[in-house]
Each structure stands twice: as structure tokens, then as C-alpha cells.
Amino acid sequence: MMTQKSETITYLLGSEAGTLLRYRLFNEVYLPGTKRCLSDFPTNPDMEILEIGCGIGDTACYFAEALVPDGHVTAFDQSPDLIEIANRRAAELDLKNVTFVCAKVQDFPFPSDRYDFAHTRYVLS
Ligand SMILES: C[S@@+](CC[C@H](N)C(=O)[O-])C[C@H]1O[C@@H](n2cnc3c(N)ncnc32)[C@H](O)[C@@H]1O
């Protein structure tokens, strides 16, 4: 779902702040199913989770708040607008154990042996 435009890659579904409502609705529809899938999720106190293509950060905040309150979540997305929204959301929830990073999957600037669990949902590229 991506088009190559000279040096720039454009995500066709849109990832600027103007698409926020769509992301909110998307999460309203899919978060209950995601929670069901993760209901037997095995956690340990200092678990490190990586979320790939986190969008506005709803699932990352869910991990940080409900699943690994004593662990840590690193979540990244290529869109600076969405990362800003995700950071605001984490601040509203007073979450100190989630870090949002603006990065592309292709660059993957994270140590590959650091995480206990990696999660991604609907990243169509
Ligand atoms: C349909 S949204 C899903 C967002 C989130 N995973 C969720 O389930 O709410 C897809 C997300 O993947 C991100 N994305 C697409 N290609 C990416 C890439 N190559 N590197 C990082 N993020 C990417 C987009 O910016 C967008 O936020």
C-alpha cells in the first residue's frame, strides 16, 4: 500500500494529524478483538515490548497501562504527526513506561535482542 515518489515514500492510507478521527474509529472497532487475542498474554514484571507501526498509540498505551504496568513499551511509527498524538495520549494517561519513537520499519534503529515481545497490527506495507 505504498507508492514510491522519487526520494519520498507516501503511505496511501494517510498518517497526518487530519486522519485522527479515522484512527480513533479504527481503534474503537479493533481494540476489543485485540484485547481478546491478548487475554492470555504471558507477562513478567520487567517485560520489554516493541510495537511496530503504532499509529496514534492506542495499543501501545493499552500494553503499558494494562498488560505490563511494571515493564516498558517502545512504540514506533514513521509519521511524526501520529507520534505527537501518541505522546499526548500517554501524557494524558500519565504513562511513564511507554516511549514513542518516529522511525521507519526499514531503518529499524532498535537492538534486535532487547525485546520479549513484538506486536504489530494492520501495518499495510
Ligand atoms: C492502519 S495504521 C495502524 C496503526 C496501529 N498499528 C493500529 O492498529 O491502530 C498503519 C500504521 O503503520 C504506519 N506505517 C506504515 N508503513 C510504515 C513503515 N514502513 N514504518 C513505520 N510505520 C509505518 C503508518 O504510519 C500507520 O500509522
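Throughout, the working numbering is defined as the position within the sequence shown, counted from one, plus 358. Even glycine gets a Cβ: it sits at the ideal position worked out from N, Cα and C.
Under a 10 Å Cβ-count criterion, residue 395 is classified as exposed, with fewer than 16 other Cβ atoms of the shown protein chains found around its own Cβ.
For residue 381 and residue 414, the gap between their C-alpha atoms comes out near 7 Å. DSSP links residue 433 through a beta bridge to 409 and 458. For residue 475, there is no enclosing alpha helix (DSSP H); the enclosing beta strand (DSSP E) covers residues 475–478. The C-beta of residue 408 has 16 or more other C-beta atoms within 10 Å across all chains shown, which makes the residue buried.
Of the heavy atoms belonging to ligand 1, none sits nearer than 7 Å to the Cβ of residue 383.
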